[in-house]
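Novice: At position 163 of the sequence shown (counting the first as 1) the number is 185 in the numbering used here, and the numbers step up by one without a gap. From the three backbone atoms N, C-alpha and C, an ideal C-beta is built for every residue, glycine too. As the structure is a computational prediction, the values presented were derived from the model and not from experiment.
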Amino acid sequence: MSPFVRSIIKKLLPSQAVHAIKQWRLRRLIQHFPARTVAHCYGGHDFSVRLTDTLAESWYDHDWPELREIVFMRQGRLQAGARVFDLGAHQGVVAMMLAREVTPGGQVVAVEATPHNASVARQNMVLNGLADQVTIIHALVAKESGQSVPFTATLNGQVSQTAVGESMLTVSVDSLAGEFGRPDVVVIDIEGYEGEALAGATAVLRHGAEFFVEVHVGAGLEQHTTKEAILQVFVDNGYSCFVTPEAHGDFVAWYFGMPLPEERFFLIARPPVANQDVR
């Protein structure tokens, strides 16, 4: 079916019907995919990974170079013994990389809203002996915990833009910190909902975690906030910001008045030195 025909169908059908069709297609795709386990080197770390859908196959069925954001954060708070929150963890591959970075003694708390992805992430932790070091939570990161938000659970799901979707229970960054301890590093990749996640991280920001944020300009961000507002959160808390428009590209220092990319970009926010002792 062409994109044009799909767009016409979306306009003609009620939102509930469009959502039901998406969920049927998702179930069918997963059921018919030839699931298997592969082994690759991801940024210098050897892992076995379950492939159970086409998106995971395209992302994970090959070796990865070192991720520039991980290289950059090694100069900051991504150290052995650190606690990391990986928000929007998909199927846990980056969470496993982060777990290796904080070994020995470190901990990763990985939150994923799509049930299929959270399930596969748990399988990946068991496959690689990381189930005790990486905690997988099936929830949606938002401003407040305990709320119910409509969520579209595709292979890379996001908060519904039509208020129609599966009801998803929310957790906030600050509530995760209350349960697991304050994080040293927070990774956010939640398909346009990053502003809501930061709104629920006031205590963690105040105490000085380092943040990596994928800012989804043109891919859902504008439904909830602006790219300028994302940067302002960190500026207001005294953070130094570094940006790159390229996936896993080189980060450059951002200064007030510097134009931000017009499409999706990547941000690392480093806290003031005075705020970095958070444990």
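1) Which parts of the region 179 to 242 are runs of the alpha helix (DSSP H), unbroken and 4 residues or longer, counting only runs that do not cross its ends?
2) DSSP three-state label for Thr174, please.
3) With DSSP run on the structure shown, which of helix, strand or coil describes Tyr82?
4) Could you tell me the alpha carbon to alpha carbon distance between Ser70 and His138, rounded to whole angstroms?
5) Nearest CA to the CA of Pro87: which residue from Met119, Phe107 and Gly103?
6) Going by the beta-carbon positions, is the gap between Phe19 and Met147 smaller than 8 Å?
7) Give every residue of the same chain whose Cβ lies closer than 8 Å to the Cβ of Pro126, excluding the five residues on either side of it in the sequence, and list them in chain order.
8) Any contact of the region 258 to 265 with the region 106 to 123, i.e. 3+ C-beta pairs under 8 Å?
9) Using alpha carbons as the reference points, say which of Ala153, Ala275, Ala143 and His270 lies closest to Glu93.
10) Shortest alpha-carbon distance to Val22 belongs to which of Phe287, Thr247 and Ala57?
11) Within the same chain, show all residues whose beta-carbon is closer than 6 Å to that of Val237, passing over the 5 residues directly before and after it, in chain order.
12) Is the distance from the Cβ of Leu177 to the Cβ of Leu48 below 8 Å?
13) At what residues does the alpha helix (DSSP H) containing Ser141 begin and finish?
14) Could you round the C-beta distance between Val195 and Val226 to whole angstroms and report it? I think they count as a contact, below 8 Å.
15) Taking Val62 as the reference, give the member of Trp81, Leu77, Pro56 and Gln53 with the closest Cα.
16) If you draw a straight line from the alpha carbon of Leu89 to that of Gly168, how long is it in whole angstroms?
17) Are Leu21 and Asp83 closer than 8 Å when you measure CB to CB?
18) So His160 packs on Ala132, CB below 8 Å; how close in whole Å?
19) Can you tell me the Cβ-Cβ gap for Gln180 and Glu213, rounded? I've got them flagged as a contact below 8 Å.
20) What is the rounded straight-line gap between the Cα of Arg204 and the Cα of Phe107?
Specialist: With the given structure in hand:
1) 195 to 202, 216 to 221 and 224 to 229
2) strand
3) DSSP places Tyr82 in helix when its eight states are reduced to three.
4) 18 Å
5) Met119
6) As shown, the chain starts at 23 and ends at 301. That puts residue 19 outside it, with no answer to give.
7) For Pro126, same chain residues with a beta-carbon under 8 Å away, outside a window of 5 residues either side, are Ala102 and Gly103 in chain order.
8) no
9) The question names Glu, yet the displayed sequence has Val at residue 93. For the residues Ala153, Ala275, Ala143 and His270, the minimum Cα distance to Val93 belongs to His270.
10) Residue coverage of the chain in this structure runs from 23 to 301, which leaves residue 22 outside it and unanswerable.
11) Lys249, Ile252, Phe287 and Leu289
12) yes
13) For Ser141, the enclosing alpha helix (DSSP H) has its first and last residue at Pro137 to Leu149.
14) 5 Å
15) Residue identity check: residue 62 is His in the sequence provided, not Val. The candidate whose alpha carbon is nearest that of His62 is Trp81.
16) 33 Å
17) The structure shown does not extend to residue 21, since the chain spans only 23 to 301, so no value can be given for it.
18) At roughly 10 Å, the Cβ-Cβ gap does not stay under 8 Å, so His160 and Ala132 are not in contact.
19) 4 Å
20) Rounded to whole angstroms, Arg204 to Phe107 spans 9 Å at the Cα level.
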